[in-house]
Every structure is written in structure tokens, then in C-alpha cells.
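By the count of the working numbering, the sequence shown reaches residue 450 at its end, each step adding exactly one. All remarks here apply to the structure that follows.
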Amino acid sequence: MIRRRDLLFAPLTSQSAIRPSILVHEHIMVDFVGAATIQPGRYDPDEVASLALPHLKAIHALGCRRLLECTPNFLGRDPKLLTRLARESGIEIWTNTGLYGAADFKFLPNYAQRESASELAARWITEARNGVDGVKPRFIKIGVNRGPLHPLDRKLMEAAVLTSRATGLTIASHTGDGAAALDQLAILKKMRHAPSKWVWVHAQNEADLEIHARIAKAGAWVEFDGINPKSIERHLECVRFMAEHRLLNRTLISQDAGWFHVGEPLGGSYQPYTSLYTDFLPRINPDWRTPLLWTNPQLAFGTKK
Ligand SMILES: [Zn+2]
């Protein structure tokens, strides 16, 4: 049996169990101070890197080859730091463009209130095309509150659709509940954008599994991303339900782990990225592993570097 505490600093020596994988929703660092206060220089990149690197090396040893870093702008997105950690860990790390409206808009800059969806999209399209600190975002990350969606949340989703249409990037949307997911699906339909370009992030928080099925049947991606040692039964329930309904081809899994917390001593308690491999994968049908962790992430988000 593989023990998590062994993995953190000791790479696996047996190659037999290692298959390549992609984690679609993780974090390196986050600063919860809010858009009004956040600024560069509130943390030491060397300190963050030294704390994050062993965790990234641990999953590299387990086969992780790509990680989508989901911390948005104004919440601690730092593409330079991600580039450094990618080089040092051997894992390709993707960053994002977009804005996070969840948590009642605390993490939105003032311009998000006054600008139109088109104006916001223009900013994100520029980031996607020109890069941020020399790094091109490979997906769109937004956050919306619970449904029915507030007009500001609707605007963020519309801006994300416009950006996706212009760039081909996929939208990963932190979504408060199933009602907010259905509202976003309606926006996709109204704007005639393919549901397959949108990922319902944090779907495990919606109790009604039938909504998972509805969203997946419409062609969108349903992401169960909070896998941790205490959540295994709930995540198994979600994934097994999708399998029973022949919807594994629209299902993504990840952990939403990591989180160096800016402002806390040593970044608080950094959550390892290993429980998906050590606690969850041994419990599922082995045939599900490649679609969930390799094929679907590439189908959902693309493969180009
Ligand atoms: Zn997250």
C-alpha cells in the first residue's frame, strides 16, 4: 500500500503503476485579501516555491504531467512563479485569464463593475494572445455565485463566452450551485456557443445528481474537483453516478488542493496533491482512469503548449 506521507519526499521506484495524468483544477498560491488591497510583493516567491516544489515533485513521481493552476487574477495569479515551478518540477503548469465574481464580488476590480462584457472580454483576449508576464493563459477561469445568477455574474459568463469564441480557450467556471450551472448553460445556448467549451467547476457541491446528468447530456463538462482524504465517498458517488448514466466521457476530476496562503506563516497548511492518486484511484474501476485523468482533460482543455 502506498502511504501519502511516503510519497511527499520519496519518489516511487516501481514504474508499473505509473500512468501519465493531468490535474485540471489545482492551486499553487492564493491571496484572499481582496481586489481592493492585493498587490505584488505581499509574498516571497522563493518561499512559495520552496514549499510548493516538494508537493509538485511528489505528483510528478506519480505520473502527473500537466496541472491547470486555477488561481485567477486578483487572487494571487503569478505566471512567473508558475513558469519557475514548471521548470523545476517537470510538470507543465497552465495559467488562466478571467475574473472571479464568487464570494460576492470581493475579488473583482472596480473596472469589472462598469465595463461591458465585450470590454472585459477584450482584456482577456489580449492576455490570451499577448501573454501575462511572458506566459500565455491556456484557459479561462471565472467564478460565479449561486443561482439565479446576479447580473454581474451573468456579465462575467458572457465575457468568458466572447473570449472563448475569439481564442478557442475553454471556460472553467467556479459555480455556486446547480441553479447557477443551469443559468450558465442557458447563456451558452443563447449565445450559440458550444457547451463543450464550458466546465462546471465544483459540481460535487450540488446535491442533486440529476442536474449533473442534465448538464453533461447537454454536452458540457462536469468537474468533481474537491477530492481529499475526507471526501472520497462523496466523490465516488458522483463519479459512479456518471458512469451508470454513461456520462464518464463528460466527467473531470481533480482536487482543488495546494493553496499557499499569502499572509499566513509559511503559507498556512499546504494541502498535498496526492490523495487523488493514493485514496481515490484505487477505489474506482481501473478502466476509468485514462478517460478521467488523461483523455478527458485534453478533450476539455486542448493539448497545445
Ligand atoms: Zn479552486
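Backbone N, C-alpha and C define an ideal beta-carbon position, used for all residues, glycine too. Keep in mind the model is a prediction, meaning the values are calculated, not measured.
Query - Rounded C-alpha distance that separates His295 from Ala331 - result: 14 Å
Query raised in the report: Just how far apart, CA to CA, sit Ala311 and Ala358?
Result: 29 Å
Requested in this report: Consider the C-beta atom of Asp401 and the heavy atoms of ligand 1; say whether any pair is separated by less than 7 Å.
Outcome: yes
Report task. Determine the closest residue to Ile204 out of Gly403, Glu272, Ala305, Gly447, with distance taken between C-alpha atoms. Result -> Gly403
Requested in this report: Please state whether DSSP places Thr242 in a helix, a strand or coil.
Outcome: strand
Query raised in the report: Any heavy atom of ligand 2 closer than 7 Å to the Cβ of His172?
Result: In terms of ligand content, the structure shown lacks ligand 2 and carries ligand 1 instead.
Report task. Grab me the residues of Asp151's own chain with a C-beta within less than 6 Å of its C-beta, minus the 5 sequence neighbours each way, in chain order. Result -> Note that Asp151 scores a pLDDT of 41, beneath 50, so its modelled location is shaky and nothing firm can be said.
Query - From Leu411, Ile163, Pro165, Gly321, residue whose alpha carbon lies closest to that of Ser195 - result: Leu411
Query raised in the report: Out of curiosity, what's the CA-to-CA distance linking Asn218 and Ala206?
Result: 30 Å
Query raised in the report: Are Leu230 and Leu198 closer than 8 Å when you measure CB to CB?
Result: yes
Report task. Check whether the region 264-272 touches the region 331-341, taking contact to mean three or more Cβ pairs, one atom from each stretch, closer than 8 Å. Result -> no
Requested in this report: Find out if the Cβ-Cβ distance for the pair His170, Pro417 is shorter than 8 Å.
Outcome: no
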